[in-house]
Every structure is written in C-alpha cells, then in structure tokens.
Amino acid sequence: MMEHWGAAEIRQKTQAIKREYRKVVANYYKPIEDFKFDVCQTEKSIVFGIQDHLVYRIYFYTAAIDELAELLRKYPGEATIDILARGCDDFEHLFSKLAQAGYGRHAVFQRYHIPNLRQGIYSKIPEDLRGLDTKCYGRYAAEEEAEEILRMLQDTFDPKESHLQDLQELKRMIQNKNVRVISENDKIVTLITFWQEGKKLYVEHAINTGRREYMHCLYLSTLENALSEGINYVYTWISSVNERIRRFISRFGYEKEDVVDYIYVKGE
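The sequence shown lines up with residues 144 to 411 when you count with this note's numbering.
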C-alpha cells in the first residue's frame with residue numbers, strides 16, 4: 144500500500160538501509176525538499192514519487208534491485224525516472240528491472256564541462272565569428288517577460304528531459320539575473336538560462352530563433368560574465384542524439400565527461 148511521507152521520514156529510511164546493507168543503488172542524490180511523497184517500501188528498498196510541476200518523478204534507494212520492479216509498477220503512467228551513471232557503472236540489471244515494471248528508455252543525456260574557462264573560452268571559435276563585440280548583444284530578462292519566456296521553454300523542451308520552471312520559479316531566476324535574452328521587434332528571439340553553484344556555472348536552456356551570431360554572442364557573453372565573477376568551471380547536459388548542439392558548445396572548450404543521465408518513462 145502506498146504511504147505519504149515527508150523528507151525527514153525518507154532520510155531515516157535511506158540511512159537505515161545504508162547502515163544495514165552498505166551496498167545500495169539509488170537515483171536519490173541531493174537533499175529533497177520537505178514535501179509529501181508517495182512512498183512504497185520494503186525492508187531493503189524505498190521508492191518515493193512526487194508531481195514536479197509538469198512531470199511525476201520517481202526516486203528510489205535500494206539494497207535489493209530485484210524488488211524494484213514490483214514497487215515501481217504501483218506508480219502512475221508516464222512517471223519519469225532519472226538515473227545518473229559514470230563510465231564504470233554497470234546498470235544493466237537495474238535497466239532490466241525497469242523494463243519489467245513497464246518503463247522504457249526515453250532519452251540519454253551526456254554531461255559536458257569546460258574544465259578551465261579562462262583557457263577554453265576562446266579556443267575554437269569559428270573565424271567568421273571572431274571579433275564580434277559580444278557586449279552589443281543581449282541583456283538580462285525583465286520580470287514582465289517571464290510569461291513569454293515560459294511559453295518559449297515549454298514549446299521547445301520536453302519536461303521529462305529537462306526541468307521546466309513554473310512561472311514563479313522563473314520570475315525568481317529573472318530577479319537573480321539567471322536569464323539573458325536578445326529581442327527583435329519587441330519579441331524575444333534568443334535566450335539562455337543558467338545558475339551559479341558556488342564557483343561553478345550550470346548552463347541549463349538555450350533557444351535561438353534569430354540570426355546565427357545571436358546565440359554565439361549571448362552564450363559567449365554569459366561565459367565572459369561568469370569569468371569576470373571568478374567562475375572557472377562550467378557544465379551542461381546535451382542529448383546524446385543532438386550532434387548540432389554538441390558541435391556548437393565545442394567551440395567554447397567543452398569536453399565530454401563520463402557522466403550519463405538515462406531517462407526512463409513508464410509506458411514507453
């Protein structure tokens with residue numbers, strides 16, 4: 144039977160599993176906020192899900208992978224699971240249990256990073272884009288543009304693959320100067336969203352319906368601003384099938400990491 148637990152109860156359960164069994168498999172990596180989660184559990188496993196704006200997301204923490212299939216079947220259709228794996232990880236047994244529970248692989252994302260922004264930022268810029276005055280392109284978004292930006296994000300990105308903010312969260316990002324845009328004829332044609340984590344910059348979303356140089360200059364000026372604020376490490380996630388975006392980010396010195404995000408969705 145499904146129960147409803149808060150974050151503190153979930154932490155107690157995961158800590159108890161870790162103490163008792165040591166070796167665990169999980170897609171629960173960061174502290175969770177104190178919402179009420181839909182919980183299914185056994186002695187060796189806990190699965191907990193929550194409606195995250197547009198997507199129902201599932202997390203698990205288990206010392207017995209064979210139990211997962213039965214627990215995961217109890218969750219609604221289109222429930223989404225993210226699994227981070229490094230190059231040395233072998234998750235084939237886990238993936239087989241997801242398949243047994245009715246979850247199919249929806250997408251795969253690779254993590255890329257600029258290990259040294261100061262050295263990498265101008266390393267591979269195409270000749271025809273060198274010398275552009277990036278400061279002439281782009282500005283921070285205004286709060287009254289939040290609804291327009293939200294529509295662009297929702298029209299472009301799959302919420303199962305990418306965290307799409309709700310309107311209030313997006314307004315907070317704009318207030319914190321984490322959204323930059325280029326406009327033409329009073330319409331946003333290029334945008335980029337990002338946030339700072341200590342001395343790291345995470346580039347989240349990028350959209351361009353304008354000229355080629357718009358995206359280049361907005362992206363580059365965002366990195367230049369980060370560098371001026373003492374940030375020297377940047378990372379982003381790219382779909383494994385999006386070769387065009389991979390080529391685009393390579394011009395700024397991005398390198399592929401051995402970290403992969405496998406996204407599974409129930410009913411696919």
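Glycine residues also receive a C-beta, built at the ideal position from the N, C-alpha and C atoms.
Per DSSP, which residues does residue i bridge with? Please list them.
| i | result |
| --- | --- |
| L334 | V324, I350 |
| R248 | Y407 |
| A228 | V403 |
| V190 | C183, F203 |
| V413 | As displayed, the chain neither begins before 144 nor continues past 411, which places residue 413 out of reach and without an answer. |
| V384 | Partner(s): none; V384 has no beta bridge. |
| A169 | Y204 |
| E398 | H256 |
| D195 | V198 |
Can you find a heavy atom of the ligand SAH that lies under 8 Å from the Cβ of residue i?
| i | result |
| --- | --- |
| R282 | The ligand SAH is not among the ligands present in this structure, which contains no ligands whatsoever. |
Please name the residue, chosen from the options, that lies closest to residue i on a Cα-to-Cα basis.
| i | options | result |
| --- | --- | --- |
| A379 | E356, I317, F252, D298 | Here residue 379 turns out to be Thr, not Ala, going by the sequence shown. Checking every option, the nearest Cα to that of T379 belongs to F252. |
| L260 | D401, V402, Y397, D209 | Y397 |
| Y172 | I226, Q184, M144, V198 | I226 |
| A284 | L313, S239, Q297 | L313 |
| N385 | R355, Y255, N328 | Y255 |
| I175 | Y218, R165, F191 | F191 |
| V167 | H196, I201, L237 | L237 |
| R371 | L344, N351, I381, R355 | Note that residue 371 corresponds to Ser in the displayed sequence, not to Arg. Ranking the options by Cα distance to S371, first place goes to L344. |
| R387 | A349, V377, Q155, L197 | A349 |
Please say whether residue j and residue i have beta carbons closer to each other than 9 Å?
| i | j | result |
| --- | --- | --- |
| I193 | F178 | yes |
| R273 | V324 | no |
| T157 | I189 | yes |
| V403 | R229 | yes |
| K187 | A207 | yes |
| E288 | I317 | yes |
| G149 | F180 | yes |
| K399 | I374 | no |
| F391 | I264 | no |
| S364 | K278 | yes |
| T336 | G353 | no |
Which of helix, strand or coil does DSSP assign to residue i?
| i | result |
| --- | --- |
| D181 | strand |
| G341 | coil |
| S393 | helix |
| H236 | helix |
| I292 | helix |
| R282 | strand |
| R273 | coil |
| Y164 | helix |
| E146 | strand |
| E221 | coil |
| D298 | helix |
| G306 | The displayed chain sequence assigns His, not Gly, to residue 306. Coil, per DSSP. |
Subject >> Contact the stretch 246 to 261 vs the stretch 390 to 410: 3+ CB pairs below 8 Å >> reply: yes
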